[in-house]
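Asks:
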């Protein structure tokens, strides 16, 4: 080891690298045998890690062993077959190794001149997604981002620039009360005031109410505001619900509004026959957010923004600093730093490219179909029981239910407390990761079943666990 140049010898690098790969393989190999739950309060974490920045070097193997034992093996396992909450992160080994390659080579994926193959693979994989979602491949475009939050922010900034120009003081944006919180955060981040945001109530099925949307737009125009954008959701986080995309697209066309679809969760379901039917109208969007690190089974971080007209991205984000003047290239050679917020970008396209090339789109399609079917089987199982009530049916692999035995006549307050206690007991058991959400003012248990390695037996075991605690 040469400390002054921050280098290991060739043999040391090999040994270190093999140890890292061994740890990752062991992680994948033992997933089912471990708990998906992470525990640890701040005091415990401080005791383990809090120290002054070390002045002297340490043995690389000792540092690695400490990190694997105390950090990597102590977090929640989002790829665990019994991790049912939030949106699981099933990931895949090929993409994990692709990320290792991208990081190991330290590829700069901002401009064409630094790595033409990296830029080309982003163009190619974005084109695959454009075709999948029915957007024009030649005219359309997009960019890989850190996640759905940054993809939504990029979309809203673009919509504002195209529809409002420099003056957005009267601009108004519309989204439903089930839209993801990242949209509100993005809207506020780019300078909109609270009074410029319209949260439209959803109907009894948690879908965007088009009647209320039309009324809000008409009212705002009469009051001198400038409606410019509607955000619909293709797969809400709470229930998997898809907004009426075709109807909303017609409203946007009539009213001359930018139509953005947040498909961060549910967009990938377009590969499934039932999912494609639910997502009908998604091809009418001006922009679509998709999160490959969700239902396209990629590791964190990988979001994506697809756009109908790629020129809108460049016109929104391009800057011409003097230090980049020698590497502009021609129109076909895309500098992705001109299409989004980041100048320095990691090579995100590689993991998507390598996993699709390795497994094939058919494997991804089969996995998504399996997930949707698994949620539907879970709903049938619960409906056959006198113990459970379905609050929101299986939609795009998400189902919401609560323990409410027939004949017990428990009050709403008692039911809320009971279901909260069931979740807390399951989490305390460390057998499964299952938390609650709130729908129509009711505390409910929510299962998100997008892990292709989750079996129906895993689901049945967890429901039996819940019944035992109840």
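Numbering (the numbering used here), first residue to last: 46 to 515.
For glycine and all other residues, C-beta sits at the position ideal for the given N, C-alpha and C.
The structure displayed is predicted, hence computed values, not measured ones.
Quick test of the definition: if touching needs 3 or more C-beta pairs under 8 Å, does the region 114-123 touch the region 72-88?
Replies: The region 114-123 is in contact with the region 72-88.
Asks: Along the chain, where does the beta strand (DSSP E) that runs through residue 436 open and close?
Replies: It spans 433-440 - the beta strand (DSSP E) in which residue 436 sits, taken as one unbroken run.
Asks: Provide the residue span of the alpha helix (DSSP H) that contains residue 173, from first to last.
Replies: That run of the alpha helix (DSSP H) goes 161-177.
Asks: Could you give the uninterrupted runs of the beta strand (DSSP E) lying entirely in the region 192-248, keeping only those of 3 residues or more?
Replies: Runs of the beta strand (DSSP E) inside the region 192-248: 216-221, 242-245.
Asks: Considering only the alpha carbon of each residue, which of 431, 438, 107, 284 lies closest to residue 424?
Replies: The option with the nearest alpha carbon to residue 424 is 438.
Asks: Take every Cβ of the region 490-503, pair it with every Cβ of the region 415-432, and state whether three or more of those distances are shorter than 8 Å.
Replies: Contact between the region 490-503 and the region 415-432 is present, because at least three Cβ pairs lie under 8 Å.
Asks: Note down the Cα distance separating residue 48 from residue 149, rounded to an integer number of angstroms.
Replies: Those two C-alpha atoms are separated by around 19 Å.
Asks: Note down the Cα distance separating residue 462 from residue 511, rounded to an integer number of angstroms.
Replies: Near 14 Å, if we compare the C-alpha coordinates of residue 511 and residue 462.
Asks: Mapping the DSSP letters down to three states, classify residue 121 as helix, strand or coil.
Replies: Here residue 121 sits in coil by DSSP.
Asks: Enumerated in chain order, which unbroken segments of the alpha helix (DSSP H) with a length of 4 residues or greater are wholly contained in the region 296-358?
Replies: For the region 296-358, whole alpha helix (DSSP H) runs of length 4 or above, ordered along the chain, are 318-323.
Asks: Would you kindly report the start and end of the unbroken alpha helix (DSSP H) that includes residue 502?
Replies: Run containing residue 502: 501-514, per the alpha helix (DSSP H) assignment.
Asks: Exposed or buried, which one is residue 90 when buried takes at least 16 other CB atoms within 10 Å?
Replies: It is exposed - the Cβ of residue 90 has fewer than 16 other Cβ atoms within 10 Å.
Asks: Is the CB-CB distance between residue 225 and residue 163 below 8 Å?
Replies: No.
Asks: Could you tell me if residue 181 is buried or exposed, where buried requires 16 or more neighbouring beta carbons within 10 angstroms of its beta carbon?
Replies: Counting Cβ neighbours within 10 Å, residue 181 comes out exposed, since fewer than 16 surround it.
Asks: If you draw a straight line from the C-alpha of residue 137 to the C-alpha of residue 391, how long is it?
Replies: Near 19 Å, if we compare the C-alpha coordinates of residue 391 and residue 137.
Asks: Apply the 10 Å Cβ neighbour rule to residue 256 and answer buried if 16 or more other Cβ atoms are within range, or exposed otherwise.
Replies: Under this definition residue 256 is an exposed residue.
Asks: Give me the Cα-Cα distance between residue 285 and residue 146, rounded to the nearest whole angstrom.
Replies: Approximately 34 Å, taken between the alpha carbons.
Asks: Mind reading off the beta-carbon distance from residue 315 to residue 177? Whole number of angstroms is fine, and I expect it under 8 Å.
Replies: The pair is a contact, with the Cβ atoms about 6 Å apart (cut-off 8 Å).
Asks: Taking 8 Å as the cut-off, decide whether the C-beta atoms of residue 219 and residue 245 are in contact.
Replies: Against a cut-off of 8 Å, the Cβ pair of residue 245 and residue 219 comes out as a contact.
Asks: What residues match up with residue 491 in a beta bridge as DSSP calls it?
Replies: Partner(s): 445.
Asks: To the nearest angstrom, how far is the alpha carbon of residue 486 from that of residue 129?
Replies: Each residue's Cα considered, the two are about 21 Å apart.
Asks: Taking residue 127 and residue 503 to be in contact with their CB atoms under 8 Å, please state how far apart those CB atoms are, rounded to whole angstroms.
Replies: Their Cβ separation, rounded to whole angstroms, is 5 Å, which keeps residue 127 and residue 503 in contact under 8 Å.
Asks: I'd like the list of long-range same chain contacts for residue 60, defined as Cβ closer than 7 Å, with 5 residues on each side in sequence excluded.
Replies: Excluding residues within five positions, none has a Cβ falling inside 7 Å.
Asks: If you compare alpha carbons, which of 103, 386, 101, 112 is closest to residue 235?
Replies: Here the closest residue by C-alpha is 386.
Asks: Straight-line CA distance for residue 366 to residue 359?
Replies: Computed Cα separation, rounded: 15 Å.
Asks: To which residues does DSSP link residue 189 through a beta bridge?
Replies: The partner list for residue 189 (beta bridge, DSSP) reads 349.
Asks: For the alpha helix (DSSP H) containing residue 148, list its first residue and its last residue.
Replies: 138-149 is the span of the alpha helix (DSSP H), which, as asked, contains residue 148.
Asks: Using only the alpha-carbon positions, how far apart do residue 347 and residue 304 sit?
Replies: The straight-line gap from Cα to Cα measures roughly 23 Å.
Asks: Would you mind stating whether residue 202 and residue 334 have Cβ atoms separated by less than 8 Å?
Replies: Cβ distance not < 8 Å, so residue 202 and residue 334 don't count as in contact.
Asks: Would you tell me roughly how many angstroms separate the C-alpha atoms of residue 468 and residue 295, rounded to the nearest one?
Replies: Taking the straight line joining both Cα atoms gives about 42 Å.
Asks: Do residue 351 and residue 198 count as a contact pair if the criterion is CB distance below 8 Å?
Replies: For residue 198 and residue 351, no; Cβs fall outside 8 Å.
Asks: DSSP on residue 378, reduced to helix/strand/coil?
Replies: DSSP places residue 378 in coil when its eight states are reduced to three.
Asks: Exposed or buried, what is residue 453 when buried is set at 16 or more other beta-carbons lying within 10 Å of its beta-carbon?
Replies: Exposed is the call here.
Asks: If we ignore side chains and look at the alpha-carbon of each, how far apart do residue 233 and residue 227 end up?
Replies: Going by the C-alpha atoms only, they are around 10 Å apart.
Asks: When you compare only the Cα positions, how much space is there between residue 332 and residue 204?
Replies: Going from the Cα of residue 332 to the Cα of residue 204 covers about 9 Å.
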